[in-house]
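Single-structure report; data block below.
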Amino acid sequence: MFSTLVYSLLIPVLAAQAQIANPNIVGTWTSQSRAVSTGPEFANPAQLTFNYPKNTGVSFSFTQDGFYEIARYRFRSNGSEPNCIIGILQWVHGTYTIETNGSIVTTPFGDGYQQIQDPCAAQSNFIEPYNFTEVYSLYRQFQDATQGLKLHLFEWDGTPVAPLFQLSTTPNMHPTRSLRNDSNPVIERRSNGAATGVDNLRMVGGVVGMAAISALASLML
Ligand SMILES: *[C@@H]1O[C@H](CO)[C@@H](O)[C@H](O)[C@H]1NC(C)=O
Ligand SMILES: *[C@@H]1O[C@H](CO)[C@@H](O)[C@H](O)[C@H]1NC(C)=O
Ligand SMILES: *[C@@H]1O[C@H](CO)[C@@H](O)[C@H](O)[C@H]1NC(C)=O
15 MFSTLVYSLL IPVLAAQAQI ANPNIVGTWT SQSRAVSTGP EFANPAQLTF NYPKNTGVSF
75 SFTQDGFYEI ARYRFRSNGS EPNCIIGILQ WVHGTYTIET NGSIVTTPFG DGYQQIQDPC
135 AAQSNFIEPY NFTEVYSLYR QFQDATQGLK LHLFEWDGTP VAPLFQLSTT PNMHPTRSLR
195 NDSNPVIERR SNGAATGVDN LRMVGGVVGM AAISALASLM L
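Laid out in structure tokens, this is it:
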């Protein structure tokens, strides 16, 4: 019922585009800005670092044999604190299945991570693990006259993900296995008393190097 509802709401909006009868999600997909892509240009998981894209966006890659990768760069505003724009960089990969009900279910390897920059928080910049299973309740594919092939994903609650355009038919991805020796770093967060970010990030038993720490420091808002 839920799927039918979402679908019937979609039809009028997308009527101008041809729906693909047998969608194929294999490849690399990115939102309108085309600024964010999965793969090595966005994230360096062994170092727990990110390269800042020129614009916000989201990218998904899927392989034929069941691996996925997601890269996100977004801002979130806070209604009660309009000056406090939170920046989030997120990277995760693992395996996925397409269930018989049409949902895509991802299972992360455990080496995903995210960087949160919140200029108004005591802890203004930190990195933490990101290891959530994501469920996309349904997906549709369309041929757009000007933009080419488009992938529409819907979150578990039906919220549409920004339409995704095909960056490449061959997925641009990191190796499809866990990329940190310590797959479960404990990241200790500290209050932001210091002038640099160095004291804010301390991994216990982790592998973060000086390069990662200085990169993080240089990203401080
Ligand atoms: C918005 O700011 C308030 C007060 O600083 C904080 O309690 C809340 O968690 C923030 N919300 C988000 C979504 O960051
Ligand atoms: C990451 O999530 C997967 C799927 O829930 C789980 O099997 C795995 O143990 C988790 N890894 C870590 C390091 O938490
Ligand atoms: C489809 O099945 C998967 C796996 O059982 C479940 O996680 C998902 O919520 C289901 N999707 C819908 C739309 O009910």
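My numbering applies: residue 15 is where the sequence shown begins, and numbers increase by one. Glycine included, each C-beta is placed from N, C-alpha and C at the ideal position. Quantities reported herein were computed from a predicted structural model and do not represent experimental measurements.
7 Å CB neighbourhood of residue i in its chain, flanking five on each side removed
i, result
"residue 132", "98, 100 and 138"
"residue 194", "59, 60, 125 and 221"
"residue 113", "119"
"residue 205", "Its pLDDT being 39, under 50, residue 205 is placed unreliably in this model, and the value from its coordinates should be taken loosely. Here the set comprises 136 and 137."
"residue 34", "155, 156 and 157"
"residue 148", "120"
Same chain, Cβ closer than 8 Å to residue i, neighbours up to 5 away in sequence not counted
i, result
"residue 65", "55, 56, 57 and 58"
"residue 46", "71, 176, 177 and 179"
"residue 182", "41 and 42"
"residue 31", "156, 157, 158, 159 and 164"
Status (buried if at least 16 other CB within 10 Å, exposed otherwise) for residue i
i, result
"residue 94", "exposed"
"residue 122", "buried"
"residue 91", "exposed"
"residue 78", "exposed"
"residue 105", "buried"
"residue 164", "buried"
"residue 96", "exposed"
"residue 85", "buried"
Residue interval of the beta strand (DSSP E) (run including residue i)
i, result
"residue 87", "81 to 92"
"residue 72", "71 to 76"
"residue 41", "41 to 44"
Contacting residues, own chain, Cβ-Cβ under 6 Å from residue i (five flanking each side not counted)
i, result
"residue 226", "Reliability fails at residue 226, whose pLDDT of 36 lies under 50, so the model's placement of it is uncertain and the value that follows must be treated cautiously. Answer for residue 226: 61, 62 and 63, listed in chain order."
"residue 103", "64, 87 and 129"
"residue 53", "186 and 187"
"residue 116", "152"
Uninterrupted beta strand (DSSP E) stretches inside the stretch 113 to 194 (no shorter than 3 residues):
You should have 118 to 122, 127 to 131, 139 to 143, 149 to 158, 162 to 169 and 178 to 182.
What residues sit near ligand 3, counting only those whose C-beta is closer than 5 Å to one of its heavy atoms, in chain order?
This criterion selects 113, 115, 117, 149 and 151.
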